[in-house]
Amino acid sequence: MKKNQEHRNTNGIGASKTLKMLVLVVTIAFSSVLSASTNPVEKAEPTSVTETVGDLLKNPDFQLNEDIGAMVEIVINQNDEMVVLSVDTKSETVEKYIKSRLNYKKISKEVLDYRKSFKIPVRILKSKF
């Protein structure tokens with residue numbers, strides 16, 4: 000009779016483990032669905048918009064005594080061109096430079112949606128003498 004009782008106890012433990020495992024799997028699956036359905040903040044594609052802007056802003060034709068930061072807001076028009084909406088910086092020289100280098104420059108169609116604006120942080124590094 001002891002063998003039957005032991006046998007029943009192991010079945011109860013196995014069912015409990017199976018139930019716990021099932022609850023764990025359902026919880027993980029549910030949390031994955033929730034995290035996938037959130038709306039992330041709109042950011043520039045790190046390997047597309049920022050790369051394009053970085054390439055266009057290389058090698059400035061002026062000297063700086065310090066690093067200058069700027070927040071650049073752009074939009075893509077129907078001709079696949081970047082249009083600079085604003086440049087927030089303390090340096091007028093940097094503002095003009097950014098606008099002249101980015102305004103109406105072509106960008107790949109595959110990279111962006113039309114008429115979506117992007118805010119891109121930019122840092123122009125001080126000149127090396």
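Counting from 0, one number per residue, gives the positions in the sequence shown under numbering that gives the first Met the number 0. Glycine included, C-beta positions come from ideal geometry on N, C-alpha and C.
| query | result |
| --- | --- |
| Give the DSSP bridge partners of Phe117, in chain order. | Ile73 |
| Is Glu50 helix, strand or coil by DSSP? | helix |
| Do you know how far the Cα of Leu101 is from the Cα of Met81? | 6 Å |
| Let me know the secondary structure DSSP gives Arg80 once reduced to three states. | Just to set this straight, residue 80 is Glu in the shown sequence, not Arg. Strand at Glu80. |
| Opposite Val86 in the DSSP bridges: which residues? | Val71 |
| Would Ile73 and Ser116 qualify as a contact pair, given that the criterion is a beta-carbon distance under 9 Å? | yes |
| Let's test the definition: count the other Cβ atoms within 10 Å of the Cβ of Thr51 and tell me whether it reaches 16, buried, or not, exposed. | buried |
| Note down the Cα distance separating Ala69 from Thr17, rounded to an integer number of angstroms. | 57 Å |
| Which residue from Ile106, Pro59, Ile67 puts its Cα closest to that of Ser90? | Ile67 |
| What is the rounded straight-line gap between the Cα of Ile106 and the Cα of Asn64? | 31 Å |
| So, at 6 Å on beta carbons, what are the nonlocal neighbours of Asn76 in its own chain, with the 5 sequence-adjacent residues on each side left out? | Val82 |
| Under 9 Å between the Cβ atoms of Phe61 and Thr88? | no |
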